[in-house]
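Numbering (our numbering), first residue to last: 1 to 398.
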Amino acid sequence: MIYSDFKGKKLSLLGFGTMRLPLLADGSGEVDEELVGKMVRYAADHGVNYYDTAYPYHNAKSEIIIGKALKQLPRDSYYLATKYPGHQISASYDPATTFEEQLRKCNVEYFDFYLLHNVYENSLGTYTDPKWGIVDYFVEQRKRGRIRHLGFSSHGLQDTLVTFLDKYGDVMEFCQLQINYLDWTLQDAKAKYDLLTERGIPVWVMEPVRGGRLAELDETSVAKLKEFRPEASAASWAFRFLQGLPNVKMILSGMSNMEQMVDNVHTFETPNPLTEVETDILLEIAESMKDSVPCTACRYCCGDCPQKLDIPKLLSLYNEMRFSPSMNVGMTIDSLEEHSRPAACIGCGRCARTCPQKIDIPDAMKAFSTMLEKVPHWDELCRQREEAARKMREEQES
């Protein structure tokens, strides 16, 4: 197993993420806890020592399930991470109440790593609002030894990261980001990685295979990769891309079956980052996967826009949505004022007439708006998760 050094701790570079645990075959949607236990044992036997969960995963049951599975291991043999759901905060999610509940659910006395969950455009105000005292509370828990290391995760834009780091960068020890060879450019992950590296903040990676999308490539792409490594899985290429980033200290994989676990553990047995040629091939494949409008962000279109829309920003989000309808895009759009969303475009065409790339921007804004109508609203998803958590608490109390 490859290990990274983080403040004197020896972390397995591969971490077991628990957002996509294996489900029972009966169609109930319930987690196969017996298989989870076997996967945890296999991971531990092969050197994996980092396990990541969060309050809302699997309808608020993930913390309980992974807590049970980890009981088969000595407490000092693994690192457990979970997250505070400030991105969906309500009166029932105050820091103290939630933190104590998480300790009980995981059946531990402390968390090795604790994260503020999803610092993004809409949650930034909550995390920085003195009314909630979120960061101060968790800094205090770290002083008391109930949290060993404090960090945050984010699906936000780079400007949001800058704002948060300017305020709290001195107390945040690490940041968890969505990074993979597709989002290296599609979500501008490279710029975010560079920002954190410049700030001296180690990077944890989530979605290294884009929810499985990069583990199932088209035949042409697979053939290109097999010319270099005939026996290697598509997923292994995504992981090896990340092995070449020196500031990445943790790569989380949401493994859903034993086959994925075995393949991933094999990939992380020894360091094997991509060669320069292999990197070029992989980035070529990433470009071929994109169905994007060719915006170069020259901003010529913005000057005459009567709605004052940030058109390059919206087109970038549209490109991501065209690749894969995403709740993350929906969250970003929800954070914008109504007059700044794609639906605010009045179709005057001034932008298209000045666009050097000849993009039909009004048509793109209309198509983007239609796509967004089909994505569940983040507020509704949070409401559903909160209701599931409430029912679970009531069941436990009864």
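C-beta: ideal position from N, C-alpha, C; glycine also.
A Cβ-Cβ separation of about 7 Å places Tyr120 in contact with Ser335 under the 8 Å criterion. Collapsing the DSSP output to three states places Asp129 in coil. A contact is defined here as three or more CB-CB pairs under 8 Å, and the segment 216–223 fails this definition with respect to the segment 161–175. By a beta-carbon distance limit of 8 Å, Phe111 contacts Ala81. Their separation comes to about 7 Å. Closest by C-alpha distance to Asp304, out of Ala297, Thr270, Ser340 and Ala352, is Ala352. In this model, Asp94 and Cys345 are separated by some 39 Å (Cα to Cα). If you draw a straight line from the Cα of Leu186 to the Cα of Glu276, it comes to about 20 Å. Cβ-Cβ distances below 8 Å link Glu63 to Thr53, Ala54, Tyr55, Tyr57, Thr82, Gln102, Lys105 and Cys106 in the same chain, with the five nearest sequence neighbours on each side left out; the list follows chain order.
Within the segment 101–151, the complete alpha helix (DSSP H) segments of 4 residues or longer fall at 124–128 and 134–143, listed in chain order.
Sorting Ala96, Thr98, Arg41 and Trp184 by C-alpha distance to the C-alpha of Ser77 places Arg41 at the top.
One alpha carbon belongs to Leu150, the other to Tyr300, and they sit about 42 Å apart.
In the DSSP annotation of this structure, Thr185 is not part of any beta strand (DSSP E); the continuous alpha helix (DSSP H) holding it starts and ends at Asp183 to Leu186.
Excluding the 5 residues flanking it on each side, Lys190 has same chain C-beta neighbours closer than 7 Å at Trp184, in chain order.
Residues Arg322 of the same chain have their beta carbon placed closer than 6 Å to that of Asp291, with the five preceding and five following residues left out of the count. Per the C-alpha coordinates, the member of Thr296, Ser340 and Gly330 positioned closest to Pro306 is Ser340. Look at Phe16 here: in three-state DSSP terms it is strand. Assigned with DSSP and collapsed to three states, Ala232 falls in coil, not helix or strand. Per DSSP, the beta-bridge partners of Met206 are Gln178.
Looking at the DSSP output, Asp52 bridges to Gly17 and Ala81. Taking 9 Å as the cut-off, the Cβ atoms of Leu124 and Gly145 do not count as close. Taking a contact as a CB-CB distance under 8 Å, the pair Val248 and Val205 counts as one, their CB atoms being some 6 Å apart. Nearest to Glu109 by alpha-carbon distance, out of Asp129, Leu24 and Lys71, is Lys71. In terms of Cβ geometry, Leu165 and Arg199 form a close pair [threshold 9 Å]. DSSP lists no bridge partner for Leu372. Tyr168: member of the alpha helix (DSSP H) spanning Gln158 to Tyr168, first to last residue.
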